[in-house]
DNA sequence: CTTAAATACTTTGTGTACAAACAATAATGT
DNA sequence: ACATTATTGTTTGTACACAAAGTATTTAAG
């Protein structure tokens, strides 16, 4: 077990445990998504997040800001700023509820529908094609890996109780 | 399985192939990374990206901006703005090369080293612990899945030649 | 040697993305 | 009735993150 005592290893160095590589892959993915979003914007006038918000509004008319935020995993503040832009372009409408004046219901306009009509997907066509060309089991496996990473990451405080359902693996300390 | 066949299915509809769920997981992960970065900032004064840049500079003294950008997968413009902040706080130094005055070499200061000394990891401790508690094969499998997703995403133009090695799956045109 | 092209970095402009502070309203408590 | 608390949404301030345009410098071409 002489793996980590080497010479100096300032911080994350050569033995750089796999999670560092994982982080690099994640960065690549994040960047790819962002670049796609930027390209969308030029081609269709809608960024990825804007597209996701629009779709939420279309699928659930009169939806509240809070709900949108939860559904697509963004903070309310972020959603507000996205809605500002969408409203300014006349793609959605805000309507304050009369029964509960804290709430704001969202509606898509005809112009918004028109844009969505021709709107592309929130992920690269290229990726989608490749993904769907995979075998079912591969898609499933990819998805469940991502979901697992996600659940390992969020809930920093909640302790891994639900993660152990798989079985109390007894550590198997083989080197 | 009568859960999603609802009424109209405007665009991305109920059969909403798995990639949509994948995107949701990715968003969760992206957000978890961002939230961790924000927390880091409050606790140590360094965000995740700042930490990554610092580590590049420590590991390769006199490194150029361009190189940093490539190594951590960011645009030069982004790195410049991160360096602005690090320099303003006296954590790094910019030094214009004398032989090629376009180039800027980066150096970490003592103060920067001090901060790094106590610097946390760029991912949640919690995640790292969980990840490293996994079996080796599981770590490997997670990593390779992420790398596969990454390579399916970037290089929008490059056609999937290396991806087909697995076998020319014949599309499975069910539905 | 002068112009053109390439390189390295910065600036500008836009769009996320968040926490924290705020405002308005609603629900609850006393 | 009045005060406290909770909920919903917005504002403010900061930090990414990029493309496109701009600056300075170097290299290449003619």
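Chains as they are written, first to last, in this note's numbering: chain A, 47 to 221; chain B, 47 to 221.
Cβ coordinates follow ideal geometry from the N, Cα and C atoms, glycine included.
Our two residues, residue 127 of chain B and residue 100 of chain B, have alpha carbons roughly 13 Å apart in a direct line. Per DSSP, the beta bridge partners of residue 152 of chain B are B:109 and B:140. When only Cα atoms are considered, residue 95 of chain A and residue 83 of chain A end up about 8 Å apart. Under a criterion of Cβ atoms nearer than 7 Å, the residues of chain A adjacent to residue 168 of chain B are, in order, 69.
In this chain, the alpha helix (DSSP H) harbouring residue 83 of chain A covers 64-90.
The C-beta separation of residue 110 of chain B from residue 149 of chain B comes to about 5 Å, placing the pair in contact by the 8 Å criterion.
In chain order, 104 place their CB closer than 8 Å to the CB of residue 159 of chain B, counting only its own chain and leaving out the 5 sequence neighbours on each side. When secondary structure is reduced to three states using DSSP, residue 135 of chain B falls in the coil class, being assigned neither helix nor strand. The C-beta of residue 115 of chain A comes no closer than 8 Å to any C-beta of chain B. Non-local C-beta neighbours of residue 93 of chain B in its own chain, meaning closer than 7 Å and more than five positions away in sequence, comprise 83, 86 and 87, ordered along the chain.
Interface annotation, residue 192 of chain B: in contact with chain A, CB-CB separation under 8 Å. The beta-carbon separation of residue 143 of chain A and residue 192 of chain B, rounded to 43 Å, does not stay under the 8 Å limit for a contact. The Cβ-Cβ distance between residue 97 of chain B and residue 165 of chain B falls below 8 Å. Between residue 169 of chain A and the set B:157, B:122 and B:199, the nearest pair of CA atoms involves B:199. Under the Cβ criterion of 8 Å, residue 92 of chain A is not counted among the residues facing chain B.
Contact check for residue 117 of chain B against residue 133 of chain B fails: the beta carbons are separated by 8 Å or more. Residue 90 of chain B sits close to residue 161 of chain B, with the two beta carbons spaced by under 8 Å. Secondary structure note for residue 189 of chain B: its alpha helix (DSSP H) is the uninterrupted segment 182-199. With a contact defined as Cβ atoms closer than 8 Å, residue 79 of chain B and residue 75 of chain A miss out at about 11 Å.
Counting only the Cα atoms, residue 176 of chain A lies some 22 Å from residue 186 of chain B. Contact between residue 120 of chain B and residue 152 of chain B does not hold, since their C-beta atoms are separated by about 14 Å, which reaches or exceeds 8 Å. What residue 160 of chain A touches in chain B, judged by beta-carbon distance under 8 Å, is nothing: the nearest beta carbon there is about 12 Å away.
When DSSP states are grouped into helix, strand and coil, residue 127 of chain A belongs to the helix group. DSSP places residue 179 of chain B inside the alpha helix (DSSP H), whose first and last residues are 171-179. Only residues of its own chain outside the window of five on either side were considered, and among them 151 have a CB closer than 6 Å to the CB of residue 141 of chain A, listed in chain order. In the displayed model, residue 146 of chain A falls within coil according to three-state DSSP, outside both helix and strand. Judged by DSSP in its simplified three-state form, residue 168 of chain A adopts coil rather than helix or strand. In this structure, the CA atom of residue 73 of chain A is about 45 Å from the CA atom of residue 145 of chain A. By the criterion of a C-beta distance shorter than 8 Å, residue 155 of chain A is surrounded in its chain by 136, 137, 138 and 139, once the five residues flanking it on both sides are discounted. For residue 188 of chain B, the neighbours in chain A by C-beta distance under 9 Å run, in chain order, 64, 68, 191, 194 and 195.
The Cβ atoms of residue 63 of chain B and residue 181 of chain A lie no closer than 8 Å to each other. Of the other Cβ atoms in all chains shown, fewer than 16 fall within 10 Å of the Cβ of residue 123 of chain B; this residue is therefore exposed. For residue 129 of chain A, no chain B residue has a C-beta closer than 9 Å to its own C-beta; the minimum C-beta separation is roughly 18 Å. Sequence-distant partners of residue 125 of chain A (beyond 5 residues in either direction) whose C-beta falls short of 6 Å from its own C-beta, in its chain, are 111, 114 and 115. The alpha-carbon separation between residue 131 of chain A and residue 167 of chain A amounts to approximately 20 Å.
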